[in-house]
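Peer 1: Below is the structure I would like to discuss, written out as structure tokens.
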Amino acid sequence: MYQPPTPAQQVPVQLPPAEDPPPPGVKDPSSSSYNYSQNATPPVNDYAQGSTPYYRYPDAASFNASAAPTFDPYHQGAYGYEGYQYQGPPYAQYDQGAYAYEGYKYQDRYSYMPNSRPTNPRPQSYNLNPVYGKHSGEYSYSKRYDPRHAYYPQREQRPSQHYYPPRGAPAEEYGPRSYRERYEPADGKAPQSKTKPKVETERDRLLRQWCSNYCEKPEDYIEKMNALNDTAATVESWVRSSPAEPYYERTNNENEVRSKKRLQKLCDLFEDELLKRADRVRKTLPVYAPPPRKARRRVCKHKHKSEACSSSSDDDSDEDGFKVEQDCCMEELSRKVQHPQRVHADLWHNDAGEMNDGPLCRCSAKSRRSGIRHGIYPGETGYKLCDKATNNANSLFHYRITISPPTNFLTKTPTIIKHDEHEFLFEGFSLLSHVRLTDLPVCKVIRFNIEYTIEYDEEKMPDNFTIHELDLFFKYLFHELLELVDFNLEPNTGADGVESCPAFHFLPRFVRDLPDNGKEVLAMCEVLKYLLDNSAELVERQQLLHLNQISQSEWQNYVDFIKGMLVTKPGHKPCSLRVDQLDRNNSDLPECVHQESGISHPAIVHFGIRPPQLSYAGNPEYQKAWRDYVKFRHLMANMSKPSFKDKRKLEDKEQRLQEMRTQGRMKRNITVAISSEGFFRTGIMCDIVQHAMLIPVLTCHLRFHKSLDLLEESIGYQFKNRYLLQLALTHPSYKENYGTNPDHARNSLTNCGIRQPEYGDRKIHYMNTRKRGINTLVSIMSRFGKDQETVSNITHNERLEFLGDAVVEFLSSIHLFFMFPELEEGGLATYRAAIVQNQHLALLAKKLQLEEFMLYAHGSDLCHELELRHAMANCFEALMGALLLDGGIKVADEVFTEALFRKEGKLLNIWKNLPEHPLQEQEPLGDRRCIDSYRVLKDLTKFEDSIGLKFKHIRLLARAFTDRSIGFTHLTLGSNQRLEFLGDTVLQLISSEYLYRHFPEHHEGHLSLLRSSLVNNRTQAVVCDDLGMTKYAVYANPKADLKTKDRADLLEAFLGSLYVDKGLLFCEQFCHVCLFPRLQLFIMNQDWNDPKSKLQQCCLTLRTMDGGEPDIPYYKVVEASGPTNTRVYKVAVYFRSKRLATSSGASIQQAEMNAAKQALENSRDLFPQLDHQKRVIAKSIKKQTGSEVDNDADKQQDEDKAKKPKYTAVLQDESHLPKQYRMHENISSDELPEDDELDNGTAKSPTAPSLATEWSRHRQQQ
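With this note's numbering as the guide, the letters of the sequence shown map in order to residues 2 to 1263.
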């Protein structure tokens, strides 16, 4: 649904006629040297856009053979081309639209009102017609700005984790919004005028409705869309093309039109006047030979295993290499600034294959021959050439491109073309494809800190355009004006030299509404004529001669008319820019005065942005100062009590950063004033640029998914959810920002895009990707899982890699388990390790040619073959995870098998045709008849009754409970070690899949922590005890108490037997009942964070300011007692040479864990991070469960600790604590939650509540 963006803040300026004095407080712009108005958009005066040609072409006489001899193009809005005659009556409103200055006719895009018109001709607000579509005009405009309205049968809506308006959503009636006008004073009092208010014209009405379709925030847009989707009914709509019989004729094919001779001449004129204009200018300029480029080496910051970690010499060499890199960048920037055809030093231009600071691609010649980052899409062999003289309706598929939300894409001054007494507004582009676009994943891109969704809806092919016209328009807009010289839609066919048609063609859509929910699309010939008519000089010579004789109001009308328009200076760099102001008072700009004639040209004022390399954002000195400041601020936040000296030092660092940001040479925002000499109007406003800059992103998305057809064919499986395949191939370094050379896109957006875009929250860039930091870790790990499977917002393949790792391990384990029935657990583990190692997985990825489909940043860290192979192995694992989610474990097994033995038939058959378990082979129909013969089996039936499950082969269950000390028996044919090996990998797979599906906000590291808390020995031992498995375990020497490891092995062996007998589904249900419900308790108690890790995290928050190595706790064995088989170890933990605690354990590792746990309890006052973490988790639980935290369990402990003097001080004064850890103060950091929601009772407690007690109380309440 289209709607206008938030209007820019406007400076109230009143421009009265020349004979009236200005109101108090407003300075006449003519009295100042500059008149840089901060208005973001020109007014919506009734100018006749496209109605008058600005110059006559040299060969116009040959074009007027069939034209009426008395035809006046200045009054009737027609075009002086051969054979063209105005087809309708003159539009009387535009007969009065020109000004005359000593014989010169003042031409502009729209007709002006007479000089006697009121000072404020526009209505005081756009709120003249509050009800959408209820005006008294001839047509209904209720559906004009609803690009999601279905004109033809709708496609099924694509699934998405984000909201985007459905395709068939009907238009809504937005409430009106009033804006203060450009000429309205700040106090809101309109100037008095004795004349009658101007009658609202069609243009005023269109623009009023354009601006009334407005939502200030994306949330308002979503709310309105949802409300209308529930109430409004779908209305059928229809589309037609504007008539243009003199230019097109129909063929025998349905919906196909062919160009006439007149259109061919118009296209030739367009190509000669606009496309070849820059070449003619370049021939008159001296040839520019760029200086030789210095050899530039790439600095790799990796530390590979083969490289020895060294001392300061390596650091010095790295620093020297970084300086060389920076010097080359600055030299490259300086070289571009000195280009002789450069318009201004602060306006950056685009060169083919170049970024602002050097070459775009520095890959090797071998690497450049493949890869999507080099524009080579696998499977693109070229497209059949289109017939340029027709619209190719029978061979192309037509789609209308829609963008949501429309913020920053609908401006107050859209591009409007007047034709046949009607005005057509630009609403976007249509896409013409050579192949039908299936239901592909939604294309999303983040721009202006807002996530945009780009969709395409199939529609009936429009009439009255030809492919030749579209190609001319594409070259003019994208190459001549926007200078996207690296944007190429032609397939890379290599050295074949096969001529191919571009992958897509684009049709600009200028539309007007028709009755009964109809819409008329302007013929393409009228668009070309409009561009020709608006290609006159920005300020023509006759205007320059009488520049000072034009009244201020008339001059300001013209300035407002061109404000926001693109102007071009052919042959220069950059050739196009947006006009933000046109100032004729330029006495202090000598470059605006022509040296020979002495004529003064008005100055074009443009407000732009410097490239980051030249502003403080890219300055190495500023970056280093910023890192020092952030580090110092973080260390101070974790100090027990910062000193006054430290606080002043932090303030000094912050002040230095502020000074660097405000330096003139490092400011990001700039103001450019250049002479208007040689500049031409284009008639194109910023809305077309905004839409055009998203087209490269969409085309890359579509071409990528077209190439994935080849990958699906290679693996023999077609994804039902193609987004999973896209996700599996997306490296974390990849960002789909621009779809072409990023510096080219940024330069074009700065030079030609809207001046004041509306920005969203910058957190969108890292809210789903940020993983580092203790605060981020605690925040994410305190979140519970979702009740239903939820799609994650994390847009790279690391989560799928976590899942795929378990899939590969599982598939390898089950095949080895059944292929080698006599091999023990150690041999199976050795074989499995050889299969799942990264080096082997990289070879499998090479077989599938995944490197040709991978999406990763051009010039990213994959600069060594070792790093690339590692990324390919991860990509293969992610592909296995995607196959599991989309097709199940059977599909993943088939693809994995094919990758292993694609060309080795014998091995492939052995791997695929697995034998059954030996116990199953002996009794194919089951062995429950043996129960009465064996007491062991009879006892196991009691266990079956307790779990509600009957084994078909109960001897498998008996083997799961048989320890290796028993030896070989004919009943079980072995011990439970092999089943334990199998059960471990089954548990890994089931838990990984569950965590992936139900914890969408967790990254792969967080998921690994949760999985470790599920599948560790302690948790498995608890489940084993809950099910009473130890009663049925069989040992040669029965034990009174089994160790934790033995009980965990029993559970794994049971899962292995359950998988062999019943399959994976039964194992999943077992885990859903016995394991996964414990996750919430693990999260609340932070069981994922063992004591040693927690102690080290707390110690790291207490780093000193000297910037050296941080202090970490260390452990010492102080005593070992007892015999070797029951030895007890006593371990002490130290921090900063001070003993924190001592504890004992049956092993050194267990003793260290106990010592760390004791240290955390004894030294709570030393680690404020502990209380903070508990408060964060308690607050998260309160938010997710809606219940308060219970402090009763810790009441006695709190009372005991409150008796100590230091805790009494805490209750009265918390100044010794860092600000972020105080109970009564808000947390200033964006990463840390606020504590102001805690109750007073909770805040008074010096210790954190018991989360386990709170959870049990909450369960009892439920």
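For every residue, glycine included, the Cβ atom is placed at its ideal position computed from N, Cα and C. Bear in mind the structure is a predicted one, so any value in this text is a computation, not a measurement.
Skipping 5 residues on each side, what residues in its chain have a beta carbon closer than 6 Å to that of T252?
Peer 2: Only R259 meet the Cβ criterion.
Peer 1: Classify M768: buried if its beta carbon has 16 or more other beta carbons within 10 angstroms, exposed otherwise.
Peer 2: Exposed.
Peer 1: Return the CA-CA distance between K632 and K642, expressed in angstroms with no decimal places.
Peer 2: The straight-line gap from Cα to Cα measures roughly 17 Å.
Peer 1: Any chance the region 873–887 sits against the region 737–750, with 3 or more Cβ pairs inside 8 Å?
Peer 2: In short, these stretches do not touch, since the Cβ pair count stays below three.
Peer 1: Using 10 angstroms around the beta-carbon of N875, count the other beta-carbons present and answer buried if the total reaches 16, otherwise exposed.
Peer 2: Buried, because 16 or more other Cβ atoms sit within 10 Å of the Cβ of N875.
Peer 1: Please go through the same chain and pick out, in chain order, the residues whose beta-carbon is closer than 6 Å to the beta-carbon of G761, but skip the five residues on each side of it.
Peer 2: Contacts found: N450 and I451.
Peer 1: Pick out whichever of Y1115, E1110 and A1133 has its Cα sitting closest to the Cα of A1121.
Peer 2: Checking every option, the nearest Cα to that of A1121 belongs to A1133.
Peer 1: Given this structure, state the Cα-to-Cα distance separating L980 from T1031, to the nearest angstrom.
Peer 2: Computed Cα separation, rounded: 17 Å.
Peer 1: Per the DSSP calculation, S601 is bridged to which residue(s)?
Peer 2: Looking at the DSSP assignment, S601 forms a beta bridge with V594.
Peer 1: Could you round the C-beta distance between D1112 and C1100 to whole angstroms and report it? I think they count as a contact, below 8 Å.
Peer 2: Sure, about 6 Å apart at Cβ, within 8 Å.
Peer 1: Since R784 and S1181 should fall inside the 8 Å C-beta cutoff, what is the C-beta to C-beta distance between them, to a whole number of angstroms?
Peer 2: That belief holds up - the Cβ atoms of R784 and S1181 are roughly 6 Å apart, short of 8 Å.
Peer 1: Could you spell out where the beta strand (DSSP E) holding A1142 opens and where it closes?
Peer 2: First-last of the beta strand (DSSP E) with A1142: K1139 to G1146.
Peer 1: Sorted by chain position, which residues of the same chain lie with C-beta nearer than 7 Å to S1058's C-beta, five sequence neighbours on each side aside?
Peer 2: So the list reads L957, L958, R960, A961 and L980, once near-sequence residues are dropped.
Peer 1: With a floor of 4 residues, list each alpha helix (DSSP H) that falls wholly inside the region 904–943, ordered by position along the chain.
Peer 2: As far as the region 904–943 is concerned, its whole alpha helix (DSSP H) runs of at least 4 residues are 906–913 and 919–923.
Peer 1: Counting along the chain, where does the beta strand (DSSP E) carrying N839 start and finish?
Peer 2: First-last for N839: N839 to K848, but that is the alpha helix (DSSP H), not the beta strand (DSSP E).
Peer 1: Between the C-alpha atoms of C444 and V698, what's the straight-line distance to the nearest angstrom?
Peer 2: Their backbone Cα atoms lie some 8 Å apart in a straight line.
Peer 1: Per DSSP, which one or two residues make a beta bridge with F1168?
Peer 2: Per DSSP, none; premise fails for F1168.
Peer 1: Got a sec? Which residues, its chain only, sit under 7 Å from D629 by beta carbon, not counting five neighbours each side?
Peer 2: Answer for D629: K654, listed in chain order.
Peer 1: Inspect the beta-carbon positions of S676 and E592 and report whether they are closer than 8 Å.
Peer 2: Going by C-beta atoms, S676 is nearer than 8 Å to E592.
Peer 1: Do you know how far the Cα of P1001 is from the Cα of Y995?
Peer 2: C-alpha separation (whole angstroms): 11 Å.
Peer 1: Could you tell me if the beta carbon of I955 falls within a distance shorter than 7 Å of some heavy atom in the ligand GTP?
Peer 2: With respect to the ligand GTP, the structure shown offers nothing to examine, as it has no ligands at all.
Peer 1: What residues are listed by DSSP as bridge partners for G1?
Peer 2: Nothing can be reported for residue 1, as the shown portion of the chain is limited to 2 through 1263.
Peer 1: Thinking S238 and K419 are a contact (beta carbons under 8 Å), I'd like their distance in whole angstroms, please.
Peer 2: About 24 Å; that fails the 8 Å criterion.
Peer 1: Rank L532, E422, E459 and P442 by C-alpha distance to the C-alpha of C268 and give the top, closest one.
Peer 2: Of L532, E422, E459 and P442, the residue nearest in Cα terms is L532.
Peer 1: Please classify M855: does DSSP put it in a helix, a strand, or coil?
Peer 2: Here M855 sits in coil by DSSP.
Peer 1: Using 8 Å as the threshold, is the region 1048–1057 in touch with the region 976–992, meaning 3 or more CB pairs across them?
Peer 2: Verdict: yes, contact present.
Peer 1: At the level of alpha carbons, what is the spacing between L915 and Q1021?
Peer 2: Using only the alpha carbons, I get a separation of about 30 Å.
Peer 1: Tell me, please, which residues DSSP counts as bridged to R682.
Peer 2: Paired residues: V568.
Peer 1: Where do the ends of the beta strand (DSSP E) carrying V1118 lie?
Peer 2: Residues Y1115 to S1122.
Peer 1: Which one or two residues does DSSP pair with S1013 in a beta bridge?
Peer 2: Answer by DSSP bridge pairing: none, since S1013 is not bridged.
Peer 1: Excluding sequence positions up to five away, which residues of its chain have a Cβ less than 6 Å from the Cβ of E527?
Peer 2: If we look at E527 and ignore the five residues flanking it on each side, its Cβ neighbours are H420.
Peer 1: Please classify H595: is it buried, with 16 or more other beta-carbons within 10 angstroms of its beta-carbon, or exposed?
Peer 2: Answer is exposed; the Cβ neighbour count stays below 16.
Peer 1: First and last residue of the beta strand (DSSP E) that includes K419?
Peer 2: Where K419 is concerned, the enclosing beta strand (DSSP E) stretches over I417 to H420.
Peer 1: Mind listing, in chain order, the continuous beta strand (DSSP E) runs of no fewer than 3 residues lying wholly within the region 940–972?
Peer 2: With a minimum length of 3 residues, no continuous beta strand (DSSP E) run stays inside the region 940–972.
Peer 1: In three-state DSSP terms, what is F902?
Peer 2: Correct three-state label for F902: coil.
Peer 1: Which of the three DSSP states, helix, strand or coil, is assigned to K654?
Peer 2: K654 falls in the helix class under three-state DSSP.
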